[in-house]
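Following: one structure in structure tokens, then a few remarks.
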Amino acid sequence: MAKQFQAVRGMNDILPGESALWQRLEASVREVLAAYDYREIRLPVIEKTELFARSIGEVTDIVEKEMYTFADRNGDSLTLRPEGTAGCARACIEHGLLHNQTQRLWYAGPMFRYEKPQKGRYRQFHQVGAEAYGMAGPDIDAELICLSARLWQHLGIRDVVLQINSLGSSTARAAYRERLVAYFAARRDELDEDSQRRLDTNPLRILDSKNPAMQAVIAEAPSLLDHLDSESRAHFEELKASLSAAGIAYDINPRLVRGLDYYCKTVFEWVTETLGAQGTICAGGRYDGLIEELGGQAVPGVGFALGVERLVAMLAATGQVDEPFPHAYLIAVGESARCHGLALAEHLRDQLPTLRLRMHCGGGGFKAQFRRADHSGARFALILGDEEVAADTVAIKPLRAAENGQTTLPRDQVAAYLRAAMLAEQP
Ligand code: HAM
0 MAKQFQAVRG
10 MNDILPGESA
20 LWQRLEASVR
30 EVLAAYDYRE
40 IRLPVIEKTE
50 LFARSIGEVT
60 DIVEKEMYTF
70 ADRNGDSLTL
80 RPEGTAGCAR
90 ACIEHGLLHN
100 QTQRLWYAGP
110 MFRYEKPQKG
120 RYRQFHQVGA
130 EAYGMAGPDI
140 DAELICLSAR
150 LWQHLGIRDV
160 VLQINSLGSS
170 TARAAYRERL
180 VAYFAARRDE
190 LDEDSQRRLD
200 TNPLRILDSK
210 NPAMQAVIAE
220 APSLLDHLDS
230 ESRAHFEELK
240 ASLSAAGIAY
250 DINPRLVRGL
260 DYYCKTVFEW
270 VTETLGAQGT
280 ICAGGRYDGL
290 IEELGGQAVP
300 GVGFALGVER
310 LVAMLAATGQ
320 VDEPFPHAYL
330 IAVGESARCH
340 GLALAEHLRD
350 QLPTLRLRMH
360 CGGGGFKAQF
370 RRADHSGARF
380 ALILGDEEVA
390 ADTVAIKPLR
400 AAENGQTTLP
410 RDQVAAYLRA
420 AMLAEQP
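Residues in the sequence shown are numbered from 0 upward in steps of one, following numbering that gives the first Met the number 0.
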């Protein structure tokens, strides 16, 4: 029978079997961000459409064709956020968080882009973003990169390469843009349709083209790094020196231009070859003009966002995280045992806050309940029948082959038994 309802294309359910990996990632992210004293900010999923047009840029792919935009009942044009930087900047301006102070912030949550779904690219996806405001020097750029590197280490993720580039100041970039347009215009017939269109709208993005037929003409194009203003050049040199001093390897990729318009100076991406075509797991850069563009004071900003689905896919490949099984499964056969079972379960949870205890609900005989206990993956079955209730005892049956046979204990000794077993289990 055809299923009547399915999730919207490109929007995924994260099933219980996968959520342990997500939790592992989220726990590491929180720990590492705290180690650098970044504080969490929680932002709405919907913003005014104009915010994204202004910040990400009118002629970017995101704003031109990927936003989920709708009119609300009031006729206001709203958009499901395609990224978090714009909303974070908006919130900081709105709440005066940038007056004479620096901020180190992070956020996490779903983002929405109407892209062509494929492995690693979804229409609802999740990011963790970190943004730092009020610091103009390359030291904070380097800190953000160190923070991300530490996160990979924490997660046991290898096979990622850091690519960095500098986009220079907006004036230097405007001059470079003219040279680039002149270069590509003279070779218009070598450009694919997309790049011909971009020549008039967003020529730097041509450098980012993955079309193999275009690689030769791109390779010969003037390099952005040869056209940096002196301040951006010094910023980039110091960033490179800081990364080297911190032992962080990087590749300079002069074609790294990013798909959002707000960047200047530093841009970077962490890329892996293990995920196929969608190999960028984390990306960001400096955006010194954004706050002013959105109506705030001229406050510099820099940040990154990582793609949670892509990182989870890498974590899954390392096979490090097992789905947690319950420690114990409580079997209760008979009405009186069911009542006592609930009380026993609550008692054990009071005594052992880290105990994972699954109580059998829904009735059934001993055999059926025992089968469920076995399937649950639990280490012990705790068994309560009429006999045990009358004697105020609990039968405990180890469910793993290596452990000794069944034993019966007074009810008030069960917690101590389980505590000892759980301690023995710890690595
Ligand atoms: P972005 O490069 O558009 O940058 O996205 C950052 C990361 O989000 C990507 O590297 C990728 O891992 C993940 N991502 C993006 N789109 C998708 C998708 N459709 N499906 C799955 N994952 C995806 C930004 O969003 C900037 N706001 C980053 C930033 C923060 N720059 C400064 N601060």
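Built from N, CA and C at the ideal position, the CB exists for glycine as well. No experiment lies behind these values; they were computed from the predicted model shown.
Neighbourhood of residue i by C-beta distance below 6 Å, restricted to the same chain and skipping five residues each side
i	result
residue 119	274, 277 and 309
residue 210	191
residue 35	146
residue 279	268 and 270
Residue i and residue j closer than 8 Å at C-beta
i	j	result
residue 295	residue 139	no
residue 168	residue 230	yes
residue 378	residue 339	no
residue 42	residue 106	yes
residue 187	residue 195	yes
residue 55	residue 62	yes
residue 136	residue 125	no
residue 226	residue 184	no
residue 53	residue 293	yes
residue 232	residue 262	no
residue 50	residue 90	no
Exposure label - residue i; buried when at least 16 CB within 10 Å
i	result
residue 234	buried
residue 76	exposed
residue 148	buried
residue 163	buried
residue 299	buried
residue 202	buried
residue 265	buried
residue 142	buried
residue 240	exposed
residue 251	exposed
residue 6	exposed
residue 243	exposed
Where the beta strand (DSSP E) through residue i begins and ends
i	result
residue 103	102-111
residue 267	263-270
residue 303	300-306
residue 285	279-285
residue 393	392-397
residue 79	76-79
residue 162	160-165
residue 416	It is not in any beta strand (DSSP E) - residue 416 instead sits in the alpha helix (DSSP H) that spans 413-424.
residue 379	379-383
residue 131	123-132
Enclosing alpha helix (DSSP H) for residue i [first to last residue]
i	result
residue 144	137-154
residue 206	Per DSSP, residue 206 belongs to no alpha helix (DSSP H) and is neither H nor E.
residue 217	214-218
residue 15	15-34
residue 353	Counting along the chain, residue 353 falls outside any alpha helix (DSSP H), and DSSP gives it neither H nor E.
residue 195	192-200
residue 86	84-93
residue 407	It is not in any alpha helix (DSSP H) - residue 407 instead sits in the beta strand (DSSP E) that spans 406-409.
residue 174	169-184
residue 64	Residue 64 -> no alpha helix (DSSP H), and no H or E assigned at all.
Which listed residue (the options) has its alpha carbon closest to that of residue i
i	options	result
residue 434	242, 269 and 368	A query on residue 434 cannot be resolved here, the shown segment of the chain reaching from 0 to 426 and no further.
residue 82	281, 11, 263 and 304	304
residue 260	126, 297, 245 and 172	172
residue 78	408, 282, 43 and 67	67
residue 367	191, 353, 356 and 332	332
residue 245	237, 335 and 95	237
residue 380	359, 388 and 363	359
residue 361	53, 226 and 330	330
residue 408	401, 383, 97 and 424	383
residue 223	207, 87, 213 and 328	207
is_contact[residue i, chain B] using C-beta, thresh 8 Å
i	result
residue 237	Note that chain B does not occur in the displayed structure, where there is just one protein chain.
Own chain, CB closer than 7 Å to residue i, minus 5 neighbours either side, in chain order
i	result
residue 410	343, 391, 392 and 393
residue 351	414, 417 and 418
residue 200	58
residue 18	none
Beta-carbon proximity list for residue i, same chain, < 8 Å, skipping 5 on both sides
i	result
residue 13	21
residue 101	131, 132, 133 and 134
residue 221	175, 178, 179 and 182
residue 375	324, 325, 328 and 357
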